[in-house]
Amino acid sequence: MGSSNNFVLFLVIVSSFLVVISEGQQSSVPVVPGLSYTFYSTSCPNLESIVRIHLLQVLENDTTQAAGLLRLHFHDCFVQGCDASVLLDGSTSGPSEKSAIPNLTLRQAAFKIINDIQALIQNQCGQVVSCADITALAARESILLSGGPYYNIPLGRRDSQNFATSNVTLANLPPPTFNTTQNLNLFTSKNFTATDLVALSGGHTIGIGHCTSFTNRLYPQQDPNMDKTFANNLKLTCPASNTTNTTNLDLRTPNIFDNKYFVDLMNRQGLFTSDQDLYTDSRTKSIVQSFAVNQTLFFEKFIDGMVKMGQLGVLTGSQGEIRANCSARNGNSMGSWSIVGDEQQGRLAQY
Ligand code: HEM
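For the sequence shown, the residue numbers in mature numbering (1 follows the signal peptide of the UniProt record, and there is no 0) are -24 to -1, 1 to 327.
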């Protein structure tokens, strides 16, 4: 185990003790009707500690799984709302949301971790907690256990009985080649502000990207907005545009949830076009600067963004269901509930 991993483990232990004695930070973002901060306090009082204790064990073995769980929640929420639709396996009639191009780089381990947590919860509480809530809680705990902030999240989401078509999935998940104008268009269409976009992009303070997600910035011409030494190192990792290698999203502290991603951007060491352009575009540049010099401010805005994102298009009350198995809708593990068009050709290279 390397020294950076040891440091993260140290953070994990310290933060888990801190959380026992401290309250999570409270976002000022309004709670959507049907969700609440105390939703499972009677039906599954130990819910949050079940999730945390399991993730402590998982991340002790492999810190990098935190990033996979955070991205899973983002991909769930941006497509058809936070309804665990991204977790569903394909049906006989067509491929699932999971198999749409942007989701192919989600980690298989992340799906397994969610299923494992769900089994633990069902053992203690029965079939009362939705897979959508488990995904949101796993993302929140992953942030905390990577050194990031601890914040309260509204719960009570229900699980969908269907998934989105590949076209809908593609239309709602931004590719790394998006510039700030394109990202602002997508994010404002979901009621996010420019500050939300910059803060949420700070999720790239942990995790990895494949060469295919950024070699457009290296070949045939080098992106002039990329630091030259950084570019030369990336060329060693990705000697051709289609190599399967990966690199860290945050050059400075790849496994720690902090504000160093914004320091990267100010040094023209952001990995994707979507990252670096936040520092080029005049609408977002000063926001990047403000987060680079003030981690507390970044955490505060990130929490607001996450609470907002975590409430996108949620199913509540008697809508949807509580799945018995996060990978399949109830009573139909191989149903034919979604017909999916396939116009993914040409997007693969962008992820
Ligand atoms: C703003 C637009 C965004 C774009 C264009 C984008 C794009 C991407 C891409 C292309 C990857 C790497 C895929 C690969 O090559 O393996 C990635 C990874 C990741 N993204 Fe984003 N993303 C965006 C926003 C977000 C948001 C809002 C979050 C969460 C708050 C997030 C969290 C992550 C994480 C944690 C990873 C690393 C995953 C891992 O290591 O498995 N991203 N993103």
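All residues carry an ideal CB built from backbone N, CA and C; glycine is no exception.
Model, not experiment: these values are computed from the prediction.
Scanning S25, P21 and T111 for the CA closest to the CA of L48 turns up T111.
Judged by beta-carbon spacing, I298 lies within the 8 Å limit of V104, meaning their Cβ atoms are closer than that value. In this structure, DSSP gives S12 an extended state, which the three-state scheme calls strand.
Here the alpha carbon of S61 sits roughly 31 Å from the alpha carbon of T260. Using a Cβ distance threshold of 8 Å, A108 and L45 do not count as a contacting pair. Cβ-Cβ separation between L162 and L31: approximately 30 Å, too far for a contact (criterion under 8 Å).
Secondary structure note for G123: it is in no beta strand (DSSP E), with a DSSP letter that is neither H nor E. If you look at I279, you'll find it in the alpha helix (DSSP H) that goes Q271 to M285. The ligand HEM never approaches S165 closely enough for any of its heavy atoms to be under 7 Å from the residue's Cβ.
Secondary structure of S4 (DSSP, three-state): coil.
Here the alpha carbon of T164 sits roughly 15 Å from the alpha carbon of Q287.
When distances are taken from the beta-carbon of P230 to the heavy atoms of the ligand HEM, even the shortest one reaches 7 Å or more. Counting every other CB atom within 10 Å of its CB across the protein chains shown gives S19 a total below 16, marking it as exposed.
Closest in C-alpha terms to N224, from the list S189, N201 and Y195, comes S189. In the DSSP assignment, the residues bridged to N301 are A304. In terms of Cα proximity to S294, the closest of T39, Q158, P71 and R133 is R133.
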